[in-house]
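Beneath this line is the structure, given in structure tokens, with notes to follow.
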Amino acid sequence: MGLSEAGRATLLMAFVLAAYAAYAFVVGGRLRHKPLQMSGRNALVAGGGAMTLAALLLLYGFLSLDFSLRFVAENANRNAPIEVLITGFWGGQAGSLLFWAWLLALFSLVAVWRAFSRHSHLVAGAGATLAAIQIFFLVLLVFVSSPFERVPVPPLDGRGLNPLLWDDGMRVHPPLLLAGYMSFSIPFAFVMSALISGRLGNEWLAPVRRWMLLAWAIQGAGLLAGAWWAYHVLGWGGYWGWDPVENAALLPWLTATAYLHSAMVQERRGFLKAWNVALVIATFCLAIFGTFVVRSGVISSVHSFALSPIGPFFFAFVGLVIIISLGLIFWRLPQLRSPGEIDAVSSRETAFLVNNLLLTAITAATFWGTMFPLLSEVARGVKVAVGPPFYQQVNGPLLLGLLLLMAVGPLLAWRRSTLARLWRGLRWPLAAAVATSALLWLLGMSSGLAILAFAACALVAGSIAVEFARGVRARTRSSHENPLLALLGLVRRNRRRYGGYLVHLALTLMACGVIASQFFQSEESVTLRPGEAVAAGRYRITFEGLAARSQPGIDTVFARLSATAGGAQIATLRPERRVHRNWEQQPITGVGLETAWPWGDDLYVLLTDWEEDGSASFRILINPLVSLIWLGGAVFLAGTAVAAWPDPGRVRVPRPESRALSSESSTPPSGSQVAGVPLALGEP
Amino acid sequence: MRALFWLVGLVACVALIGAPLPWPSPAWADDPTAAAAREIARSLQCPVCQNTSVADSSSQLATQMREIIAAKVAAGETRESILAYFVQRYGEGVLLSPPQEGFTAALWWGPPVILAAGTAMLLLYLRQWLPRRT
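Residue numbers (the numbering used here), protein chains in the order written: chain S, 20 to 703; chain W, 50 to 183.
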């Protein structure tokens, strides 16, 4: 039996197992028949095994260069090193779908297994939903876009992976994004289960939050890895281009961010239930939409949509999900209504509501801009481009609003907060913001908008510092700890809260990097002879010479340059051009990139052309403070880990809503216990 | 009041200490002409690339377009007339931000309408949730 038949048989088996699991969960759930549900769980486990086998078979196809598989022939060639062969797995549509479905199989069995011991009433619905999603992807993999399809006559060598995808970043970025898209299925499944079972108290919040946080972190890491890859490999000097594929990946992350905030309102005050349910469902739909867009490029043209064989399936699936979820929401509307009451406009609740408004508006605006070219083509046959200027103009003010809210929101108390309190919290951050503006103005910054944006960053950083300082002071006062220990203890007792602040800090760092590089990028295009130098800002860049290098299948030409600042040598740069065999029309740019401290300017040099006499043309970009974006990325991951780290052996006790209401008073947010109430209740 | 005092004091200190120091010219002491040319290049799609602006592309055509823009800015042409020049040569699709009139006005009206609708909904709910005052 060949690899193709083995692969197809395994996928077919996984399909049958998923179908059985769906049946077992649906019937087992209706009859409240535990053994049948356990049988469904076991089918999910077996399905996970089958999918793992299928993934291994495709991997084997790549490693053994089995060009009788169409997918391998298209995405591998004999010259490719082993790590590039592995990248080929997600280098095309069918392999990406298999990767998605394989991870979903693994994630769903873990989720269902855990739910059996913790949230047994949610098992049947969640299991059935996850099995249904698996069925959809397996239908695609078995019948429509199979990675195990044969070529009639196997070629001697494969076409190979697009050389743009040879980079290390491609080993990280696509799997993370595919995993991110996939993992939004789990919170969706728990929400569907809560809707189906009608148990719409606060019990579903804990598993949904946990899995949503995980999915949000994976997707965030995937977005960051994508930005890093674009910056280091694509060679256009930027990290985010608002192109349709990037936008599609950002959308579910935005709605998930909104959910992570609004869920706290439900947890504390018991309202916004219907809204939260809708956010989780929207996130899942956007994740499916993104999975589809990322692999088919449909958004660039109506025609590619019509040609894509999987297009109609995805459309039908998203449509079905929307119809079923809306139906369920309307059916359960009486239980989703909550007798909420907001005590005052200046309260944490309102801050969260405004946060959700802004995030939803950014999501909607981005979606609208992404879909508009398609709409224009359908409506009047004219292709228009919607690019960064649109998004900057539309999303820029909304993002600035979010920054300001990030400074004010955490300082507001639940229920009611007086303006005097707010002022006490905000005066130091405000001082920091004013001082920052003054300093930047003195340093010669002429753009008022940039000064305003940096001042907003200072405001947020100051407000986070105030929150940490208040917590530490409360602890040192009550227990006479030294401040450092107090800080550690504070974070440990209120990981959700202070992890969240770390994430806010990370976003502020990224905002600084984005603002600096957006407003103050500068550029020179020059042609230099060896030994000649050019001044770029305060740097002086000398071209030393060209050289060539040859590897099997790849020809490289690179230039050597050295950069000095104030006479001191600070960096050597080596931009290059690579030409891969089979891809001669698409030379690959290797960026010469060094960060020059102390100003944190990235010297970003591209080799654009060269002549017989050894002279070469360069684009030299100075990108200030881009390193802050990567630093912010690291802080983002650290903060998320702090907020999400599971406590072994702790089972969160669901809080009845009446208690949730009565236990809140107008307690100040500074006390170290306040945000920890839900945690403390669950601690042994 | 005390906080305000501190605030003014802090700013004054920063200004007094900071102003006379020999600051090295930072990258962001920007040249307004170059910045204007860059902004224009950023709002034009490179006609031979995918999803890349004239400012970001390393293609020959984009390099030439950047030179044309720089020359026109130096000659004192307005942003609008420079953009119109490129639209005339390459068609409407060359603009990365479509005009705010005609069919593409819908693109620009979308987000404000969404935001207004969202705000209206939020206010309605807030009114419903806030305790009635008599």
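The beta carbon of each residue, even a glycine, is placed where N, CA and C say it ideally should be.
Here the structure is a predicted model, which means the values were calculated and not measured.
Sort Asp632/S, Leu104/S, Ala530/S by Cα distance to Pro182/S and report the nearest one. Position 163 of the first sequence, counted from the first residue, corresponds to residue 182/S. Distances from the CA of Pro182/S to each of Asp632/S, Leu104/S, Ala530/S were compared; the closest alpha carbon is that of Leu104/S.
Range of the contiguous alpha helix (DSSP H) that encloses His251/S: The residue given as residue 251/S occupies position 232 in the first sequence. Unbroken run through His251/S: none, as it is neither H nor E.
Counted within 10 angstroms of its Cβ, other Cβ atoms place Arg678/S as buried (16 or more) or exposed: Stepping through the first sequence from its first residue, residue 678/S is reached at position 659. For Arg678/S, the pLDDT reaches just 39, beneath the cut-off of 50, and the residue's location in the model is therefore unreliable, although a value from the coordinates is still provided. With fewer than 16 other Cβ atoms inside 10 Å of its own Cβ, Arg678/S counts as exposed.
Assuming Leu565/S and Ala635/S make a contact with CB atoms under 8 Å, what is their CB distance in whole Å? Indexing the first sequence from 1 puts residue 565/S at position 546. Indexing the first sequence from 1 puts residue 635/S at position 616. Contact between Leu565/S and Ala635/S holds: CB atoms are separated by about 6 Å, below the 8 Å threshold.
Within the 8 Å Cβ cut-off, does Gly26/S reach chain W? Numbered from 1 along the first sequence, position 7 holds the residue referred to as residue 26/S. Chain W, which has no Cβ nearer than 8 Å to the Cβ of Gly26/S, makes this no.
How far does the beta strand (DSSP E) with Thr614/S in it reach, from first residue to last? Taking the first sequence and counting its residues from 1, the one referred to as residue 614/S is at position 595. Counting along the chain, the beta strand (DSSP E) containing Thr614/S begins and ends at 611-615.
Is Val598/S helix, strand or coil when you go by DSSP? As a working mapping, residue 598/S is identified with position 579 in the first sequence. If DSSP states are grouped into helix, strand and coil, Val598/S belongs with the strands.
Label Phe135/W either buried or exposed according to how many other C-beta atoms from any shown protein chain fall within 10 Å of its C-beta, with 16 as the threshold for buried. Position 86 of the second sequence, counted from the start, is the residue given in the question as residue 135/W. Buried.
Under the three-state DSSP convention, the category Gly633/S falls into: Here the question's residue 633/S lines up with position 614 in the first sequence. Gly633/S falls in the coil class under three-state DSSP.
Hey, how far is the Cα of Trp158/W from the Cα of Ser130/W? Translated into positions along the second sequence, residue 158/W becomes position 109. Translated into positions along the second sequence, residue 130/W becomes position 81. Take the alpha-carbon of Trp158/W and the one of Ser130/W: they are about 24 Å apart.
Exposure of Val103/W, with buried meaning 16 or more beta-carbon neighbours within 10 Å: Here the question's residue 103/W lines up with position 54 in the second sequence. Counting Cβ neighbours within 10 Å, Val103/W comes out buried, since at least 16 surround it.
Hey, is Ser357/S's beta-carbon within less than 8 Å of any beta-carbon in chain W? Against the first sequence, residue 357/S aligns to sequence position 338. Not one chain W Cβ lies under 8 Å of Ser357/S.
Beta carbon proximity, Ala83/W to chain S, threshold 8 Å: The residue given as residue 83/W occupies position 34 in the second sequence. Closer than 8 Å: yes.
Rounded straight-line distance, which links the Cα of Ile534/S to that of Ser45/W: With chain W represented from 50 up to 183, any question about residue 45/W goes unanswered, as that position is not in the structure.
Give me whichever residues DSSP pairs with Glu500/S in a beta bridge. To locate residue 500/S, count along the first sequence from 1; it is residue 481. Answer is none; Glu500/S lacks a bridge partner.
Taking the alpha helix (DSSP H) that Ser466/S belongs to, which residues open and close that run? Start at 1 with the first residue of the first sequence, and residue 466/S comes out as number 447. Neither: Ser466/S is in no alpha helix (DSSP H) and is coded neither H nor E.
Is there at least one non-hydrogen atom of the ligand FAD closer than 7 Å to the beta-carbon of Gly556/S? As for the ligand FAD, it is missing from this structure, which has no ligand bound.
Taking the beta strand (DSSP E) that Ala74/S falls in, what are its first and last residues? On the first sequence, residue 74/S is found 55 positions in, with the first residue counted as 1. For Ala74/S, no beta strand (DSSP E) encloses it; the enclosing alpha helix (DSSP H) starts and ends at 53-82.
Inter-stretch contact at 8 Å, needing at least 3 Cβ pairs: the segment 599-610 of chain S / the segment 535-551 of chain S: The segment 599-610 of chain S makes no contact with the segment 535-551 of chain S: fewer than 3 CB pairs, one atom from each, lie closer than 8 Å.
Quick check on DSSP: helix, strand or coil for Ser743/S? In this structure chain S extends from 20 to 703, so residue 743/S is not present and cannot be described.
Going by the CB atoms, is the gap between Arg494/S and Gly508/S shorter than 8 Å? Working through the first sequence from its first residue, we reach residue 508/S at position 489. Working through the first sequence from its first residue, we reach residue 494/S at position 475. Yes, Cβ-Cβ distance for Gly508/S and Arg494/S is below 8 Å.
Within 10 angstroms of its Cβ, does Asn221/S collect 16 or more other Cβ (buried), or is it exposed? Taking the first sequence and counting its residues from 1, one reaches residue 221/S at position 202. By the neighbour-count rule (16 or more Cβ atoms within 10 Å), Asn221/S is buried.
Is it right to say Ala165/W is buried, meaning 16 or more other beta carbons lie within 10 angstroms of its own, or is it exposed? Position 116 of the second sequence, counted from the start, is the residue given in the question as residue 165/W. Answer is exposed; the Cβ neighbour count stays below 16.
For chain C, check one thing: does any of its Cβ atoms lie closer than 8 Å to the Cβ of Phe152/W? The structure shown contains no chain C; the protein chains it does contain are S and W.
Quick check on His599/S: buried or exposed, where buried means 16 or more other Cβ atoms within 10 Å of its Cβ? Within the first sequence, numbered from 1, the residue matching residue 599/S stands at position 580. Taking a 10 Å sphere around the C-beta of His599/S, we find 16 or more other C-beta atoms and assign the residue as buried.
Taking the beta carbon of Gly668/S as the centre, do at least 16 other beta carbons fall within 10 Å, making it buried, or is it exposed? The residue you call residue 668/S lines up with position 649 of the first sequence. Here Gly668/S scores only 47 on pLDDT, less than 50, and its place in the model is too uncertain to base an answer on.
Does Val533/S get closer than 8 Å to chain W when you measure Cβ to Cβ? Along the first sequence, one-based indexing puts residue 533/S at 514. With respect to chain W, the C-beta atom of Val533/S has no partner C-beta closer than 8 Å.
Establish whether the CB of Trp255/S and some CB of chain W are separated by less than 8 Å. As a working note, residue 255/S is residue 236 in the first sequence. Yes, Trp255/S counts as interfacial toward chain W.
Would you decide whether Pro160/W is buried or exposed? Buried here means 16 or more other CB atoms lie within 10 Å of its CB. Against the second sequence, residue 160/W aligns to sequence position 111. Pro160/W comes out buried.
How many Å lie between Ser689/S and Ala169/W at the Cα? For the purposes of this step, residue 689/S is taken as the residue at position 670 of the first sequence. For the purposes of this step, residue 169/W is taken as the residue at position 120 of the second sequence. At Ser689/S, the pLDDT of 38 sits below 50, so the modelled position is not reliable; the number obtained from the coordinates is stated separately. Straight-line Cα distance between these residues: approximately 33 Å.
Is the beta carbon of Trp255/S less than 8 Å from the beta carbon of Ser108/W? By one-based count along the first sequence, residue 255/S stands at place 236. By one-based count along the second sequence, residue 108/W stands at place 59. No; because the gap between Cβ atoms is not below 8 Å, this pair is not in contact.
Endpoints, the alpha helix (DSSP H) within which Tyr8/S is located: Because chain S in this structure spans residues 20 to 703, residue 8/S falls outside the shown range and cannot be described.
Apply the 10 Å Cβ neighbour rule to Arg356/S and answer buried if 16 or more other Cβ atoms are within range, or exposed otherwise. The sequence position of residue 356/S within the first sequence is 337, counting from 1. Around the beta-carbon of Arg356/S, fewer than 16 other beta-carbon atoms lie within 10 Å, marking it exposed.
Of the residues that make up the segment 599-612 of chain S, which ones have a beta carbon closer than 9 Å to any beta carbon in chain W? Along the segment 599-612 of chain S, going in chain order, the ones with a CB nearer than 9 Å to a CB of chain W are Thr608.
Work out the CA separation of Tyr558/S and Thr583/S for me, nearest whole Å. Taking the first sequence and counting its residues from 1, one reaches residue 583/S at position 564. Taking the first sequence and counting its residues from 1, one reaches residue 558/S at position 539. Computed Cα separation, rounded: 6 Å.
May I ask you to verify whether the segment 367-378 of chain S touches the segment 279-289 of chain S, counting CB pairs closer than 8 Å and requiring at least 3? Segments in contact, yes.
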